[in-house]
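In terms of full-length UniProt numbering, the sequence shown has 58 at position 58, counting the first letter as 1, and numbering is strictly consecutive. Below you'll find the structure, written out as structure tokens, and then a few comments.
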Amino acid sequence: MTQRNAPMEGSYRRLLMWLMHRYFAFSRGMTLGVRAACYNDKGEIFLVRHSYLPGWYMPGGGVERGETLPNALEKEIREEGNLVLTAPAELVHVYLNTKASPRDHVVFYKAKVKQTAPRPRDWEIVECGFFDPENLPDGTSASTRRRLEELSGLLPHDDFW
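Written out as structure tokens, the structure is:
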């Protein structure tokens, strides 16, 4: 390779990498979300009830482009419950959530939190609160119950949400 061809070689590689990234985004694209078992200092678990889903769930949501997993987690627990971490969140497991789509992954954390203010009802979250893990509200989702059993050591971690 001569010195004169070096810029062309670099441009070709950049174009090829750009094309490959676009191809893989469509052919192998996946969605990524975070969710957390959020406990207060009394050992109670925080759950939310959405307007668009039946049942009670742990707070969480999607990870946006350019967002780190910890930042996404902090954003979601703040938005869904006015929660802030009181210690770094602990990564528990990564799950494939085929119920949402064949390409959806959930990164699951365990977190110690405090609520900065009551969370008012809105178009997304119709109800939320802290509950005794031994006395969960009626309608708590099967996946939420399963994750809590995994955290307590009653069940091994499953790879599917």
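Glycine included, C-beta positions come from ideal geometry on N, C-alpha and C.
- Between the segment 105-118 and the segment 75-89, the count of Cβ pairs shorter than 8 Å is three or higher; the stretches touch.
- Scanning Thr140, Gly33, Thr68, Leu154 for the CA closest to the CA of Ser101 turns up Gly33.
- Bounds of any beta strand (DSSP E) do not take in Glu80; it lies within the alpha helix (DSSP H) bounded by 69-81.
- Contact fails between the segment 89-108 and the segment 127-136, because fewer than three Cβ pairs, one in each stretch, are under 8 Å apart.
- Spanning the alpha carbons of Asn97 and Asp158 requires a straight line of approximately 11 Å.
- In the same chain as His105, and ignoring 5 residues on each side of it, the C-beta atoms closer than 8 Å to its own belong to Met30, Thr31, Leu32, Gly33, Val94, Tyr95, Leu96, Asn97, in chain order.
- Taking all protein chains in view, the Cβ of Thr86 is surrounded by fewer than 16 other Cβ atoms within 10 Å, so the residue is classified as exposed.
- Leu154 has its alpha-carbon roughly 33 Å from the corresponding atom of Glu67.
- Residue range 142-151 is occupied by the alpha helix (DSSP H) that includes Leu148.
- Each of Arg119, Gly60, Ile45 was checked against the Cα of Pro137, and the nearest Cα belongs to Ile45.
- Nearest to Leu151 by alpha-carbon distance, out of Tyr39, Leu15, Trp18, Ser11, is Tyr39.
- Residue Pro54 holds the alpha-carbon nearest to the alpha-carbon of Ser141 among Pro54, Ile125, Ser11, Ala37.
- Using a 10 angstroms sphere on the CB of Pro59, the tally of other CB atoms reaches 16 or more, which defines it as buried.
- For Tyr95, the enclosing beta strand (DSSP E) begins and ends at 90-96.
- Per DSSP, reduced to three states, the secondary structure at Leu15 is helical.
- Its Cα nearest to that of Glu90, the residue Ala111 stands out among Glu124, Ala111, Val126.
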